[in-house]
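Counted the way my numbering counts, the sequence shown spans residues 390 to 541.
Where is the CB? At the ideal position from N, CA and C, for every residue including glycine.
It should be emphasised that the depicted structure is a prediction, and the values quoted were computed from it without experimental measurement.
The structure appears below as structure tokens.
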Amino acid sequence: MTLLTFVDVVGRELTASPIDAKVEMTELLMGLTVFLGIGLTTFLRGHIRVDIVIIHLPARWRAGFDVATYAVSILFVALICWRLVILALDKLGKGDLTQIWEIPLWPVVAVMALCSVVMFATLVIQWIQAIRVAAGLAAPADTDLPASVGAG
């Protein structure tokens with residue numbers, strides 16, 4: 390996306406010939422960038438988490454709050470998955486294309502839906518882990534990723 394913008398600016402300023410479909414390509418790439426990264430960020434537990442009060446509670450209580458938080462997140466992500474699948478099928482059925490380069494839209498939306506499903510599955514796994522900790526069936530350390538997973 391950065392390279393596309395750079396080439397567009399250089400082309401527009403130096404040769405007066407910008408890239409015709411820069412806006413539509415940036416829109417597609419932006420959507421893919423968000424959805425391709427969100428599942429991995431969820432898997433790595435990389436989302437921002439503010440623990441001001443909850444951090445001082447016992448581990449099982451914290452896990453109880455996690456159970457509730459994951460349940461709400463699962464509902465929202467399930468809604469996103471459902472709507473993206475419907476949108477992808479709708480775009481496929483109508484044969485929707487971008488305006489300038491006439492790129493089919495359904496594959497992009499389908500990738501977004503697939504990434505949302507990955508996020509959904511990850512949230513369900515983390516929710517089950519939190520339930521196990523809240524019920525006293527697992528130690529809190531069992532729900533954390535090893536330090537080496539996100540390092541590098």
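For residue j and residue i, the rounded distance between their alpha carbons
i      : j      : result
Leu393 : Gln488 : 18 Å
Arg449 : Val507 : 27 Å
Arg438 : Trp490 : 41 Å
Ser548 : Ile463 : The structure shown does not extend to residue 548, since the chain spans only 390 to 541, so no value can be given for it.
Ala460 : Ala405 : 53 Å
Leu476 : His445 : 43 Å
Contacting residues, own chain, Cβ-Cβ under 7 Å from residue i (five flanking each side not counted)
i      : result
Gly541 : Bear in mind that a pLDDT of 44 at Gly541, under 50, signals an unreliable position, so the model cannot answer this.
His436 : Thr430
Val466 : Ser505, Met508, Phe509 and Leu512
Ile469 : Ser505
Leu473 : Val498, Met501, Ala502 and Ser505
Arg401 : Pro407
With 16 other Cβ atoms within 10 Å as the buried cut-off, status of residue i
i      : result
Met501 : buried
Phe395 : exposed
Own chain residues within Cβ distance below 6 Å of residue i, not counting five before or after
i      : result
Arg451 : Ile443
Point to revise | Every unbroken alpha helix (DSSP H) inside the region 429-503 [4 residues or more] | key: 448-483
Check your understanding: Per the contact definition of three or more C-beta pairs closer than 8 Å, is the region 439-446 in contact with the region 520-528?
Key -> no
Practice item. Answer yes if the region 492-500 comes into contact with the region 473-482, meaning at least three C-beta pairs across the two stretches below 8 Å, and no otherwise. Key: yes
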